[in-house]
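Whatever position you read off the sequence shown (first residue = 1), add 483 for this note's numbering. Think of the CB as a built atom: it goes at the ideal place given N, C-alpha and C, for glycine as much as any other residue.
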Amino acid sequence: MTNNKTDTFTGVLQKIVGHVYQNYQFQINQNGYLKIKSTKDQITYIEHIYYISDNLRISITKLKRLNNYIAIAFTSYIKIIKSDQ
484 MTNNKTDTFT GVLQKIVGHV YQNYQFQINQ NGYLKIKSTK DQITYIEHIY
534 YISDNLRISI TKLKRLNNYI AIAFTSYIKI IKSDQ
């Protein structure tokens, strides 16, 4: 994992399932942003995760084959705080 002057950390993770190895590049900065990227068979998976607070996370995922988007997904996690009013 490396750190540059903008407080951004980058590195590579490796997932091993059976005899299949998958490498993921990641980038984390102190503003609550995480980027994960992986490429296999000319398909690139890119996920952008924004950690806004304990109650709100947003994820945008893109699948690309060469320069064409195959799929785009948007996911959010919202924690609802109940009050007794």
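Where does ILE563 land, buried or exposed, given buried means 16+ other C-beta within 10 angstroms? As a position in the sequence shown, residue 563 is number 80, starting the count at 1. ILE563 is exposed by the Cβ-count criterion.
In chain order, what residues of the same chain have a beta carbon less than 6 Å from the beta carbon of THR544, not counting five sequence neighbours either side? Mapped onto the sequence shown, residue 544 falls at position 61. These residues qualify, in order along the chain: GLU530 and ALA556.
Endpoints, beta strand (DSSP E) assigned at HIS531: Here the question's residue 531 lines up with position 48 in the sequence shown. From DSSP, the beta strand (DSSP E) with HIS531 extends over 526-536.
Among ARG540, GLN513 and TYR507, nearest to THR527 - alpha-carbon criterion: Mapped onto the sequence shown, residue 527 falls at position 44. Selected option, being the one with the closest Cα: TYR507.
Cα separation between ILE498 and SER521? What you label residue 498 is simply residue 15 of the sequence shown in a count that begins at 1. What you label residue 521 is simply residue 38 of the sequence shown in a count that begins at 1. The amino acid occupying residue 498 in the given sequence is Lys; Ile does not appear at that position. Going by the C-alpha atoms only, they are around 11 Å apart.
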